[in-house]
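A.B. asks:
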Amino acid sequence: MARLTPPAIVILGAGALETARRIRMLYAGCQVHALQGRVEADVSYTELRAHLCDLYARGTPIIALCAAGIVIRCVAPLLSNKGVEPPVLTVAEDGSAVVPLLGGLAGVNVMAREIAAALNVSPAITTSGELRFGTCVLNPPEGYALADIAQGKRFVSDLLAGESTRIEGEAPWLDDAQLPRSESARLVIRVTPRAWDGRDDELVIHPRSVVAAVAVPSPGASSNTDTDLATNSDPDTQTTSGERIAALVHEALNAHGLAPLSLAALLIPSEHMANPALADAAASLNVPLRFAQAGPEDGEPPSNLLHAALRVPYQTLHDDAEAGVALALAALAIDPDTIGRTRGRLTVIGLGPGSAELMVPAARTALNEATDILGYETYVKMAGPLRADQRVHGTDNREEMQRARHAFELASTGRSVVMVSSGDPGVFAMAAAVLEALEEGASTNADWRAVQLAIVPGVSAAMATAAQAGAPLGHDFCMLSLSDNLKPWSIIEKRLRHAAEADLVMAFYNPISRARPWQLDKALDIVREYRTAATKVVLGRDIGRAGSTLRTITLGELRSSDVDMRTMVIVGSSTTRAFANGIDGDEWVYTPRWYQ
Ligand code: SAH
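See the structure below:
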């Protein structure tokens, strides 16, 4: 089955706690989220609408113990976005009603049944097909794919109209379904890797049971010499594009009458791990890439077949000798995780300042796909909720290089590692440590080079703070870390002096800490040599997190006691200005784009 994010049980008051606890026992890693101040729970939130939207946008299944109408109104603005639709259910506080609302194709009715069974009530299921047959015929389990959803809907409406069906092929998940079956039925549910020929009396479900072994030419291979595919190759010399490889796989499937949806994986010799064309091909075919040594193996089918396929010179597989494709067909759906291994990944992400809306979608995707998550405990918590199957290597360990090396060690064994930073990972954070570790370690650890490394940007604290205050970074600015942990204080002083003299707006990261108590005052003394006391200063604390504060003061008023290590200090330039926003007595601060 698909690895689902554990659901969030959302409650408003203590009256729902008892029911919430009963439901929580059904799902590993599931947490109860309660309104702050009303009741103690695993997670607290301050505003229901924002919290539900946040969970929904993260793709977290929601079990809300409140009126259905409340939930509908809260998530309504997000419904036009077809991207994610996690299961959303409401349950009566006293456990007397279970109402699935959204996420039909994400298994909401399955959850409704599970919860209702635990609460000893009947779920309020309204999906006709489900009601009649006890299962969603159009939602086959992981490893199977419906050939055509439109045809599927027609087929189910024929069944609802009273027709019966036969089943051809292996469909164990339908064994318990109350389908009207008859051996002589006109309608047939066919579980087959063969392509659907368009007949409207068939519901075709493809088991993902085909693996395509793809051999690409090794370097120096000319189109008419036999090539040993097991030799090393340099990705630079490979010219076959991902699109072309995908097209060759399609041709091979077509030639055997096999449906593209039956494809479970592409299997590639390990030495081609870093060839981007193969990754493109797999992405365009929407299947995982798996890698295996092309040497002799005596594994079980299908891997022995595939290993044999990998050893076939590509010329014998395809006339034009660009790349060879060999297909292996298994009797049942294949779990791609059991074939060869995957290419390890390390993705360094920025969470943004705190709230989910300010995290870029690519970071959320990386987290969803991660097997292992590394970072300071606080950030790992911010990245959640995580699934029970995701390994967290949270630590207070300040040794960042050590953590970066650990990330490569994990990733080079084929795991999908995410390293979390707050804000942007490249701004005074882990991305530079990761690259430093790679540069140092790659010569001795060849495996590290094959790791697929990506850095996903985030909204940095300076940007998030500036946006709340207005546009103080509207003209030239610089970002400075006032921490002298990794650089001498003399350099910081010199840079401050130059930046102040150059009239740059300055964003101070790491402005102060218990271990660095005097540095900020020293820095401000330097700035005051160049800027007037009336210079605008913005202080953003815990921006994007619970209890955030934003203040606009002047350089003259600023005291180091106004600042702590969770504060972003933006010191304006000579042109930075402010005016009352006319609503709540606050000010807009901005630095005009022009200069006099
Ligand atoms: N990579 C992070 C910065 C890490 S340095 C980013 O791009 O934002 C840590 C410093 O960033 C803190 O000392 C503080 O000055 C600032 N900071 C991080 N998150 C913040 C937030 N939510 N609100 C205000 N300042 C923050």
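Using my numbering, you'd call the opening residue of the sequence shown number 1 and step up by one each time.
No residue lacks a Cβ here, since even glycine has one placed at the ideal position from N, Cα and C.
1. Specify which residues have a beta carbon nearer than 6 Å to any heavy atom of the ligand SAH, listing them in chain order.
2. Pick helix, strand or coil for GLY340, following the three-state DSSP scheme.
3. Strictly by DSSP, which residues pair up with SER460?
4. So, under 8 Å CB-CB, THR60 and ALA8 are touching, yes? Tell me the CB distance rounded to an integer number of Å.
5. Any chance you could list the beta strand (DSSP E) runs of at least 3 consecutive residues sitting entirely within the stretch 483 to 552, in chain order?
6. Give every residue of the same chain whose Cβ lies closer than 8 Å to the Cβ of LEU138, excluding the five residues on either side of it in the sequence, and list them in chain order.
7. Any idea if LEU482 is buried or exposed, counting beta-carbon neighbours within 10 angstroms, 16 or more meaning buried?
8. Taking only three categories from DSSP, how would you classify HIS475?
9. Using only the alpha-carbon positions, how far apart do ASP280 and ILE268 sit?
10. Quick check on DSSP: helix, strand or coil for PHE133?
11. Give, in chain order, every unbroken run of the beta strand (DSSP E) that is at least 3 residues long and sits entirely within the stretch 143 to 215.
12. Return the chain-ordered list of same chain residues with a C-beta closer than 7 Å to the C-beta of LEU520, the five sequence neighbours on each side being excluded.
13. Return the CA-CA distance between LYS536 and ALA464, expressed in angstroms with no decimal places.
14. Quick check: what's the CA-CA separation for ALA76 versus THR90?
15. ARG470 and PRO592 look like a contact to me (Cβ under 8 Å); what is the Cβ gap, rounded to whole Å?
16. Pick from HIS206, VAL188 and PRO207: whose alpha carbon is nearest that of ASP200?
17. Under 9 Å between the Cβ atoms of LEU266 and LEU253?
18. Helix, strand or coil: which one does DSSP assign to TYR376?
19. Assign ASP298 to buried or exposed, taking buried as 16 or more other Cβ atoms, counted over all protein chains shown, within 10 Å of its Cβ.
20. Starting from the Cα of ASP197, find the closest Cα among GLU163, GLY257, TRP173 and PRO180 and give me that residue.
21. What's the call for LEU310, buried or exposed, on a 16-neighbour Cβ count within 10 Å?
22. For THR5, is the classification buried or exposed, using 16 other Cβ atoms within 10 angstroms of its Cβ as the cut-off for buried?
23. To which residues of the same chain is CYS53 closer than 7 Å at the C-beta, ignoring the five residues directly before and after it?
24. Have a look at THR231 and SER270 and give me their C-alpha separation to the nearest angstrom.
25. What is the DSSP secondary structure of HIS393, reduced to helix, strand or coil?
26. Taking Cβ positions, are THR347 and VAL210 nearer each other than 9 Å?
27. Taking DSSP as the reference, what is the three-state secondary structure of GLN293?
28. State the Cα-Cα distance for the pair SER262 and GLU170, rounded to the nearest angstrom.
29. Could you check what DSSP says for MET568 in three-state terms: helix, strand or coil?
30. Do the stretch 433 to 443 and the stretch 379 to 399 make contact, defined as three or more Cβ pairs closer than 8 Å?
31. Give the single residue among SER122, GLU142, ALA356 and VAL427 whose Cα lies nearest to the Cα of GLY134.
32. Relative to the C-alpha of ARG415, which residue among ASP484, HIS406 and THR342 is closest?
33. Who does PRO269 pair with in a DSSP beta bridge?
34. Using a 10 Å radius around the Cβ and a threshold of 16 neighbouring Cβ atoms, would you call LEU65 buried or exposed?
C.D. replies: Let me spell this out:
1. Working through the chain, the matches are PRO353, GLY354, SER421, SER422, GLY423, ASP424, VAL427, PHE428, ALA429, SER460, ALA461, THR465, TYR509, ASN510, PRO511, GLY540, ARG541, ASP542, ILE543, GLY544, ARG545, MET565, ARG566, THR567 and MET568.
2. coil
3. Paired residue(s): none; SER460 is not in a bridge.
4. Contact between THR60 and ALA8 holds: CB atoms are separated by about 5 Å, below the 8 Å threshold.
5. Listed in chain order, the beta strand (DSSP E) elements of length 3 or more contained wholly in the stretch 483 to 552 are 505 to 509 and 536 to 541.
6. LEU105, GLY129, LEU146, ILE149, GLY152, LYS153 and VAL156
7. The residue in question, LEU482, is buried, as its Cβ has 16 or more Cβ neighbours within 10 Å.
8. The answer is coil: DSSP assigns HIS475 none of H, G, I, E or B.
9. 13 Å
10. helix
11. 144 to 146, 165 to 168, 187 to 191, 202 to 207 and 210 to 215
12. The answer, listed in chain order, is LEU482, PRO511, ILE512, SER560 and VAL563.
13. 17 Å
14. Between the alpha carbons of ALA76 and THR90 lies a distance of about 15 Å.
15. The sequence given here places Gly at residue 470; Arg does not occur at that position. The pair is not a contact, with the Cβ atoms about 11 Å apart (cut-off 8 Å).
16. VAL188
17. no
18. Correct three-state label for TYR376: strand.
19. Residue confidence is low: ASP298 scores 45 on pLDDT, short of 50, so the model does not pin down where it sits. Its coordinate-derived value is still stated next. With fewer than 16 Cβ atoms within 10 Å of its Cβ, ASP298 is classed as exposed.
20. Per the Cα distances, GLY257.
21. Unreliable placement is indicated for LEU310, whose pLDDT of 49 sits below 50; the coordinate value is still reported in the next sentence. By the 10 Å Cβ count, LEU310 comes out buried.
22. buried
23. CYS74, VAL75 and LEU78
24. Below a pLDDT of 50, predicted positions are generally treated as unreliable, and THR231, at 38, falls in that range; the measurement from the model is reported next regardless. The straight-line gap from Cα to Cα measures roughly 10 Å.
25. Strand, per DSSP.
26. Contact check for THR347 against VAL210 fails: the beta carbons are separated by 9 Å or more.
27. Residue state, collapsed to three classes: coil.
28. Roughly 14 Å between the two C-alpha positions.
29. strand
30. With fewer than three CB-CB distances shorter than 8 Å, the stretch 433 to 443 does not count as touching the stretch 379 to 399.
31. Ranked by Cα distance from GLY134, the first of SER122, GLU142, ALA356 and VAL427 is SER122.
32. Per the Cα distances, THR342.
33. ALA292
34. buried
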